[in-house]
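**Q** I am attaching a structure below and will ask some questions about it afterwards.
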Amino acid sequence: MTDATVTPGSQSALRQANERRVVEVLRRDGTRTQAELARATGLSAASVSNIVRGLRAAGTVSVRDTASNGRRARAVTLLRPPGAVLAVDFTVDGVAVGVGDSDGNLLAREEIGYDVAADPERGVRRAAWLAEITLQRARIDLRTVSSAVASVPGPVDPGTGEVGRISCVPRWTGFRPAEALGERLGVPVVAENDANLAALAERRIGAGEGAGHLIHLVIGEGVGAGIVLSGELFRGAGGTAGEIGHITLDPRGPVCRCGNRGCLETFVGARYLLDMLPQNSEVARGPGGPRVADVVAAARSGDLGSRRVIAEAGTALGQGLAIAANLFNPDRVTVGGDLAEAGELLLDPMARAMELGALGSAREDLTLMSGALGRDAALYGALWTAAHVAL
């Protein structure tokens, strides 16, 4: 038995055509053994075996042992339509790529450290390279990818796709990451703010599941929030809704990168937070300099200085969140980012500060809790968006 040929085209195109034939038989006839698939498609048993192996690795089919005419056989069942989506998560100092199935479920993930903030064009090139590597390791052909979503640590104009001026990656201002990434990958791409994507993911499968109105805070280099109202993401007119980090808490406070004084970010952002550490503390003197994760670990181990830093950050967050709660009246607030790993050490002072600043009716309906998806919240949100929103 010989395989049908497809001309013109490469070996990759031939394999895709043969894969489609196998999938169509399974879609039409339901579960079939590999021998039955070979007869129905006209492909060799070896080719069907290789195709089924690739579909199984991608999560498209399930395979179980069975018997046919008294002989051992392999029964193949279609689990979902073939195809894949991509998520690219840009952070200040790294890139993560996730490959998902046609429903947005994570199949493979890779991450590298990289100075993304330094140069947007190079950052996109690095991300495209990592996407190709991730697809290769997952044995998924780039041609099967239907769409991609890029998560960016800053506001993105929904009309133009440009990164706004106030972000953690100032050299990306005016840059259009979706356009640049789409040209390199050859697939439709949209860019979205990281906090927005994280909020969508937390509401769908995380700590915000079931919430009607959700605010998800992301605390890192800056402080951002994704706002979901009545199940819909709220971006605002120019994509800057949720920039809670630039609520003014002290008009005589430190100058913020946005140009104003005393923004919430100047009390909670990583750069400012680490400056609060006593210079003679073990955390401050650690190799390579302190990180927020080090402060959290020290606080959880009982270090009083680190606990004080986190408590003051929680108080500032609660003051800013009280304003947001009065405006949007959410029924749930979730907190993500490295600082969220402090748990109750952060959430308790947040709640106390909210009691002083939020309306009683706003507090009564609100549940405050840590996010459930950790550092991959934006990645999960990007996969879901790529799979369920027409790009």
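Letter by letter, the sequence shown follows residues 96 to 486 of my numbering. Every residue, glycine too, gets a C-beta built ideally from N, C-alpha and C.
1) Assign residue 194 to one of three DSSP states: helix, strand, or coil.
2) What three-state label does DSSP hand residue 292 in the structure shown?
3) Please confirm whether residue 297 and residue 472 have their CB atoms less than 8 Å apart.
4) Should residue 441 be flagged as near chain B, meaning a C-beta pair shorter than 8 Å?
5) Give the single residue among 243, 463, 236 and 287 whose Cα lies nearest to the Cα of residue 308.
6) Roughly how far, in whole angstroms, is the beta-carbon of residue 251 from the beta-carbon of residue 282, given that I think they are within contact range, below 8 Å?
7) Any idea if residue 96 is buried or exposed, counting beta-carbon neighbours within 10 angstroms, 16 or more meaning buried?
8) Ordered along the chain, which non-local residues of its own chain (more than five positions away) have a Cβ less than 6 Å from that of residue 278?
9) Put residue 286 into one of helix, strand or coil per three-state DSSP.
10) Counting only runs that start and end within the region 222 to 261, where is the beta strand (DSSP E) found for 3 or more residues in a row?
11) Does the distance from the CB of residue 337 to the CB of residue 364 come in under 8 Å?
12) Considering only C-alpha positions, which residue in the set 130, 187 and 196 is nearest to residue 167?
13) Going by DSSP, what residue range makes up the alpha helix (DSSP H) through residue 413?
14) Thinking just about the alpha-carbon of each residue, which of 474, 284 and 146 is nearest to the one in residue 273?
15) In three-state DSSP terms, what is residue 332?
16) Could you give the DSSP three-state label for residue 396: helix, strand or coil?
17) For residue 156, which of 396, 139 and 174 has the nearest alpha-carbon?
18) If you draw a straight line from the alpha carbon of residue 333 to that of residue 234, how long is it in whole angstroms?
19) Can you give me the C-alpha to C-alpha distance between residue 351 and residue 216, rounded to a whole angstrom?
20) Have a look at residue 270 and residue 264 and give me their C-alpha separation to the nearest angstrom.
21) Would you kindly work out how many angstroms separate the C-alpha atoms of residue 400 and residue 376, rounded to a whole number?
22) Tell me the rounded alpha-carbon separation between residue 434 and residue 386.
23) Note the first and the last residue of the continuous alpha helix (DSSP H) segment covering residue 378.
24) Can you say whether residue 188 is buried or exposed, counting buried as having 16 or more other CB atoms within 10 angstroms of its CB?
25) Going by DSSP, name the residue or residues bridged to residue 429.
26) Answer yes or no: do residue 481 and residue 256 have a C-beta to C-beta separation smaller than 8 Å?
27) Whole angstroms is fine: what's the gap from residue 160's alpha carbon to residue 407's?
28) If you follow the alpha helix (DSSP H) that residue 362 is part of, which residue opens it and which one closes it?
29) In terms of residues, what are the limits of the alpha helix (DSSP H) holding residue 159?
30) According to DSSP, is residue 110 part of a helix, a strand, or is it coil?
31) Cβ atoms of residue 123 and residue 171: under 8 Å apart, would you say?
32) Please name the residue in 441, 394, 202 and 317 whose C-alpha comes closest to that of residue 230.
33) Helix, strand or coil, according to DSSP, for residue 100 in the structure here?
34) Is the distance from the Cβ of residue 288 to the Cβ of residue 247 below 8 Å?
35) May I ask you to report which of helix, strand or coil DSSP gives residue 300?
36) Beta-carbon separation of residue 314 and residue 430 under 8 Å?
**A** Result, derived from the coordinates:
1) strand
2) helix
3) yes
4) Absent here is chain B; the protein component of the structure consists of one chain.
5) 463
6) The Cβ separation is near 18 Å, so there is no contact.
7) Since pLDDT at residue 96 reaches only 39, below the 50 mark, its modelled position is unreliable, and no value is offered.
8) none
9) strand
10) 240 to 247
11) no
12) 130
13) 399 to 423
14) 284
15) coil
16) coil
17) 174
18) 39 Å
19) 27 Å
20) 11 Å
21) 8 Å
22) 10 Å
23) Here residue 378 belongs to no alpha helix (DSSP H), and DSSP marks it neither H nor E.
24) exposed
25) 311 and 464
26) no
27) 59 Å
28) 360 to 363
29) That residue, residue 159, is in no alpha helix (DSSP H); its beta strand (DSSP E) goes 156 to 163.
30) helix
31) no
32) 202
33) Caution is warranted here: a pLDDT of 36 is assigned to residue 100, below 50, making its placement in the model unreliable, and no coordinate value can be reported.
34) yes
35) helix
36) yes
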